[in-house]
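The structure appears below as structure tokens.
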Amino acid sequence: MSERPLTERIDAAGGFVDGGRYEEMGGYVAARQAVTSMTPQEVCGLVKDANLRGRGGAGFPTGVKWGFVPDVPGRKYLVCNADEMEPGTFKDRYLMENDPHLLVEGMIIAAYAIGADRAYVFLRGEYHESYRALTAAIGEAHANGCLGESVFGTTYALELAVHRSGGRYICGEETALLNALEGKRAQPRTKPPFPPASGAWGRPTIVNNVETLCNVPAIIRRGAEWYQSLGLGEDSGTKIYGVSGRVKRPGLWELPMGTPIREIIEQHAGGMCDGYRLRGLLPGGASTDFLVEEHLDLAMEYGAIQAAGSRMGTGTMILMDDHVCPVDMARNLQHFFAQESCGFCTPCREGLPWVEQLLLDIEEGRGTAEDLELLDHNAAFIGAPGNTFCLHATGAIEPLMSALKYFREDFEAHIREHGCPYRSGPGSAAEADDGAN
Amino acid sequence: MARIEVDGIVFEAREGENLLQACLSQHLDLPYFCWHPSLGSVGACRQCAVIQYDDEEDERGRLVMACMTPVQEGARFSVDAPGAAGFRASVIEWLMENHPHDCPVCEEGGECHLQDMTVMSGHTTRRFHGRKKTWRNQDLGPFIGHEMNRCITCYRCTRFYHDYAGGKDLQAFGSRSRMYFGRTADGVLESEFAGNLVEVCPTGVFTDKPFSQSYSRKWDLGSAPSICPGCAVGCNISPGERFGRLKRIHNRYHGEVNGYFLCDRGRFGSHFVNAENRLRRCGVRVGDEEFQEIEGLEALAVLTDLAGGGNVVGIGSPRASIEDNFALMQLVGEDQFCAGFSSDEAVLNELIVDIYRSGAGRVPTPLEIENSDAVLVLGEDVLNSAPRLALSLRQSVRNESLRLAEGARIPLWQDAGVRGHAQGALSELFSLTVLPTGLDDIAAHVEHLPPEQIARHGHAIAQAVAGVGAEESASGRIAAALKSAKRPLIVSGTGCGDGEVMRAAAAVSSALRHAGSDPALLLTALEVNSLGATLLGGGLGLDEALKRLKNGAADNVIVLENDLYRRADPSLVDAALEASRRNGRVLVADLIETRTTANATHLIPVAAYAETLGTFVNLEGRAQRFYQVFEPRAPVTSAWQWLGEAGRAAGRNDMRWQHFDTVVETCASRPGLEALREVAPGADYRGAGGLRIPRETHRASGRTARNAHIDVHERKTPVDTESPFSFSMEGAQGGAVGSARSAVWAPGWNSNQSVFKFQDEVGGALIGGSSGIRLFEPAHGVPAPSYAMSQTSDEGEGFRLIPLHRIFGSDELSAMSPPVVERGGAAEVVLNRADAGRLGAREGDGIRCDLLSASAALRVDDAMAVGHAGLVVGETFGWLPRGRVVLSRDPDFRSSQELIARE
Amino acid sequence: MSEPAFIDVLSQAEIDAIEIEVAHLPDRPSAAIDALLIVQKHRGWVSDESLAAIARLLGMSAADLDSIATFYNLIYRKPVGRHVVMVCDSVSCYVMGGESLMMRIRRHLGIEPGETTEDGRYTLLPCVCLGACDRAPVIMVDDQLAGPLAESDVEDVLGAFE
Ligand SMILES: Cc1cc2nc3c(=O)[nH]c(=O)nc-3n(C[C@H](O)[C@H](O)[C@H](O)COP(=O)(O)O)c2cc1C
Ligand code: SF4
Ligand code: FES
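Residue numbers (our numbering), protein chains in the order written: chain A, 1 to 437; chain B, 1 to 903; chain C, 1 to 162.
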């Protein structure tokens, strides 16, 4: 078998993998094996040994998380986080649209491992194609006895349904997601209680990312050691890396965990477009700190990226080229985060719009040295983990702090020159942001 | 307990309680917004940030929210560390981005929690240059003003209104920096507790509308500790006065009665004090002529003439203080004195006292009912008859949620955590009432039955508790739940007018006692001093008193603060007053014009509660003192003073008292009233430093000039001979008695949030103890009494009438408060659809009761039992006959709306 | 009495679809967002009337439901045109020229973001990252993605939606 547990079937099928193809290529073997011949503890243990880490951004060890589910009677839930609204991220959509059964199978195994009898895919509202693919796959899995009252003929019962989101970035935060799933406003929840103890509808709940769950079938089939051996460095398995921005071939590739950044950009994405030079990149989505030239030879794995002051995040990187104004890009990012703030806690709700305003002022030539200080001040007070209720604002400040560090000269030039050096004329970057609501 | 250190101060705090609460219990200054002692923590505002250090070595520490941080042994914190203080200043700076600088015209100005926290946090210079957001405000009805631009998005309003009080029509809309708190559309806020928003909101978004319309700064309001006259709960209030006008009512914290909240009857019902139909002059009239104004001395002479003459009947009132009633009783003699209830209600109120004394159950304090884990409500529409209790009952059902959260190790102050985990799990509340009530939505079991069937059901529950009767029946299930509860509570009362219902409640409680549990039993009376007047006693029933007048057995009557037409058969009242007018004098001493004053020969204007002092006894038997807030303008005088002077003038040796304290002393010599002496400090009490307690604030402005438009000389400050309070700003707040405080105000804390500075610990008793004293306690150690169902026969033509109470409109005085008039509804007759059909009437048609010579609009409600009619108590229907009466469709009836429309 | 009339606002198809969602969930109010999206799918947006009807159907207050509705980006409480044109304004599209694309679309439709063309054909909305960053800059018209989009493609792409 190839060494690409996530995308091998998609490649073999040249795109969409239907139910038939999925089964032909060893589909549901792992789930059947887990449910019919392994105990939930064994499944958990295997995933723990494989050292699978969450692909949703935080990188928490999946098997360890599953182990937090208390052994109590009554309903438990598995929820797949398929919200994928982190700007620059498009990996989960790829998996769901092209190989929906892989996710279904991963969820059956995960649900079995934690003793859940109900599972939901919390799906981004705009992912219409994923919705069609998933609902069809769930229907087929039901018809084939992989889901329902008696999973693979055993006494294990599992219902799986898709919940479509009303659309807000914060829904991706796992406790906000649970509120959204319960049909409420997606405000994050206090921890404790942690979801494994008290999650959806007050019951034990595990939330995992799509990509995380898609790794599970292969781990069951081929074992922890094999999975570990896939990674080049510290971390196990493969990772779907993505690149967007001014490269020749933007896209996604499943590569061994720990593939160097430079290799991803130059070999897989084809390098920068002609006439564009790379100035910086957000390694794992909009809420990660900028990396620059000097970091290109780092391995894309949790520890190495963290040591460089950023985060692996979702592993899908956004490149900033030399035609892009770092101040304006920061403004664009802060516009997103201010707009997507849930509105619950003060620093995020009121601080981020101010940050956006300051960046706009600087970008448009009205900024002063004091404004730059205010940016630093706000960034420091909004961004420290714990200062806000959840990590949304922390994530928002990561790219800003690092932009202020790596591209400070650009900020100062705007102030000095009363305008944006990247713009020919005095243009406005302001945008109306009114939605219909 | 755990020892913790905050900025070098080491103190003990309760292990697991949140740090904010622990700091506030130490009276430390730590800013906050979203936390509220009754609402718990959610961590939204981030204002309470402090630094927590990991250990002794840790010098940097990390920022945590005090309200979200449990206290643990040995933990070390700093409030003052620059990182924490700087962050808190930033929080203010963020909040002020959009907050208008309208403090000069804002009703909250000078008592604004946001102002206080802004100053305390040290944010002074505006650095945000963006545009402020503006919002459209909503018309939320006659009670509450709305100014959304002032909102700082602390979520307290919806957390109180929606989560705590169960209101369904106020919500948080939108997201990010565009949060809006309001209704889906303009309209009256439905909750009966909406008024608390005024105090819960830390800024001026939700304001007291009647107060706004006649506004004064907090520092210009005079005040004294008072008791809400709205119902028998006896909530502690702080009325604010300026220039002889009652301006507003604020909650006055009491750790056992009302906590932090009032109902809207209490908050907005006091404006009767300023009403146009206040009686302000003495009057006399001959025959059917108009009243002529007379001098106070002349009126006093009439009163003196009647003193002890024997040929007089004195009718007191449950809305007057014990002392006023007592003074009248002294004047006319016990055998000629009637407490002023309808004869039926007198029996019911005596039954309350009997049941309480019998030891059928423990009598809980109003707030204590929040701890109950199973509740049985028999017959009482609590939200309408004793409204504040309904808010507490609503908290009691959350005990199941708290229990679940405790099991999951979620701190109980972690409000969102508890709610999320418990998913709205409720402890059981069983409600057997005549019609749907405002508690049905949280009840595990609801039945709508006429009173006699409620009683029967109650007795069946009692039997089931005792092990007799089918377990599958509803009674069996209710009995089982009450029996297995740790803190069962039975609530009943006089509201539906049937003593058998209260006897059934006592039977259930008694049976639970027999079964070995310790039930709480709370019986509600209807008026602020129903129990006080009952305990005072008096030889005469009202019907008997009226008959004496009618028969000429007595020629004169003194009516004190009572509209007899609401208490007895109107035709009997007419006949009695007519006879008395013919044979002697009808002297009515009241504070407001009523049908009874209209039938008087002599009128004496007496002080309203805020203009005098006295004692009310609430539904748990707690005697509480209310003090004079301001002096009424002569000749308006306290009733006990009028009566006392008359007694003295008549040379009565037993009425030589000149001062209030002597009235109390004399009254306390009556059996059962001994404890009256200890209710509250007397006139010779002095606060801290041996000084009087000022009614005015230390900031009362322009004292020397405030009357300058009338007279440039500073007015002489009146001397209060009756209480320890002064009518000026001199003196000192505080002292050893918790209740002897006219205002809560502490350095840095100008808003009512400062109350924590005056509590032993947050949410506990006021320093110096909770005020008031129970006049009696249930018998201890006696075997539980047994209550059997008495047999009644109820056959016959016509309808049995059931009184229905309304929070807005049924209470005589608050119903005359203009905002309540605007909020309240008209009288109604409620009938079952079948009965309505039989009368040929449809919703909105007039239904006439010939016996009462009154009609009201029909409301059809199938929950009303066939053969029964519910009559909304108020101006139209006061006294209701007990037997069956004939009702008919009234073709000439015009609803009040129609009448207004025609005008 | 007005209750049945209120529910009448919803079609049987809508009620059926909502009930299917309810069946997956532990209680009725949990289906709030699903129900709003279902009704919006049938009507394009959620009117006050629809909102009140959904609230009744799910046994919750209109204020509670509106609190939820106004939180989410994809639930429209104002009428929209026959086609909703969502233009990604997040970072990858921004880097790839999303702002000039938006400018072009605005000029083409003659409306500002948040507005609907006079003929009721298009509503223009900015939106957050559509998860198609490899195709930046992208737009989504109704449920169809289009990208990468050159400014010159705008007319053709939008023209396909009647
Ligand atoms: C603001 C915010 C947004 C997030 N969005 C997503 C998301 O869209 N998808 C996702 O899988 N995880 C997201 N996360 C991470 C989740 O909270 C959670 O850690 C993750 O779903 C756990 O799954 P994993 O352990 O499989 O990674 C987000 C976190 C934050 C703070
Ligand atoms: S940081 Fe605060 S306002 Fe921002 S999304 Fe989290 S909880 Fe909401
Ligand atoms: S009071 Fe602690 S966060 Fe608001």
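Cβ coordinates follow ideal geometry from the N, Cα and C atoms, glycine included. Source: prediction; values computed, not measured.
The beta carbon of C/I105 sits closer than 8 Å to those of V85, V87, L124, I139, V154, L158, all from its chain and outside the five residues before and after it, given in chain order. Contact of A/W66 with chain C is not assigned, every C-beta pair being separated by 8 Å or more.
Closer than 8 Å to the CB of B/H162 there is not a single CB belonging to chain A.
As a beta-bridge residue in DSSP terms, B/G870 pairs with B/I802, B/V830. Distance from the Cα of A/D371 is smallest, within the candidate group B/Y685, B/S770, B/R126, for B/R126.
Near chain B, meaning a CB-to-CB distance below 7 Å, the residues of the stretch 56-81 of chain C are S61, A62, A63, D64, D66, S67, T70, F71. B/F160 and B/L526 have their C-alpha atoms roughly 27 Å apart.
The beta-bridge partner set that DSSP reports for A/E159 consists of A/R118.
CA-to-CA, the gap between A/M25 and A/V43 works out to about 22 Å. In the three-state DSSP reduction, C/D153 falls in the helix class (H, G or I). Residues of chain C whose Cβ lies closer than 8 Å to the Cβ of B/G174 are, in chain order, T70, F71.
For B/L402, the secondary structure class from DSSP, reduced to helix, strand or coil, is helix.
Within the stretch 72-140 of chain C, the complete alpha helix (DSSP H) segments of 4 residues or longer fall at 91-95, 98-109, listed in chain order. Rounded to the nearest whole angstrom, the C-alpha separation of B/A320 and B/N529 is 7 Å.
DSSP, reduced to helix, strand and coil, places B/R487 outside both helices and strands of the structure shown, so it counts as coil. Linking A/G233 to A/H101 through their CA atoms gives a straight-line distance of about 29 Å. Among the CB atoms of chain A, none fall inside 8 Å of the CB of C/A160.
For the pair B/V829 and B/L858, the CB atoms are nearer than the 8 Å cut-off. DSSP places A/V207 in the strand class (E or B) of the three-state scheme. Only residues of its own chain outside the window of five on either side were considered, and among them G222, S728, M729 have a CB closer than 7 Å to the CB of B/E696, listed in chain order.
The contact set of B/W413 on chain A, defined by CB atoms closer than 8 Å, is empty, because the minimum CB distance reaches about 11 Å.
By DSSP's assignment, B/Q26 forms no beta bridge with any residue. Chain C has a Cβ within less than 8 Å of the Cβ of B/T184. Taking non-hydrogen atoms of ligand 1 into account, the C-beta of A/D235 is found less than 7 Å away from none of them. Here the distance from the Cβ of A/I170 to the nearest heavy atom of ligand 2 is below 7 Å. By the rule that beta-carbons nearer than 8 Å mark a contact, C/A32 touches chain A. For A/I318, the chain C residues whose C-beta falls within less than 9 Å of its own C-beta are V91, S92, V95, C133, listed in chain order.
By the CB criterion at 8 Å, B/C34 and B/R176 fall outside the cutoff.
Taking 8 Å as the CB threshold, B/L246 stays off the interface with chain C. With a cutoff of 8 Å on beta-carbon distance, A/A269 and A/G251 are scored as near each other. Taken through DSSP and simplified to helix, strand or coil, B/M120 comes out as helix. Any Cβ of chain A closer than 8 Å to the Cβ of B/T637 would place that residue at the interface, and such an atom is absent. The alpha helix (DSSP H) runs of length 4 or more contained entirely in the stretch 556-590 of chain B are, from start to end of the chain, 570-583. With respect to the 8 Å criterion, A/V216 and A/V162 are not classified as neighbours on the basis of their beta carbons. Taking a C-beta distance under 8 Å as the contact criterion, B/R806 and B/G731 do not qualify as a contact pair. If the five residues before and after B/V465 are omitted, its C-beta is found closer than 7 Å to the C-beta atoms of A479, L482, K483, V508, A511, L512, A515, all from its own chain and listed in chain order.
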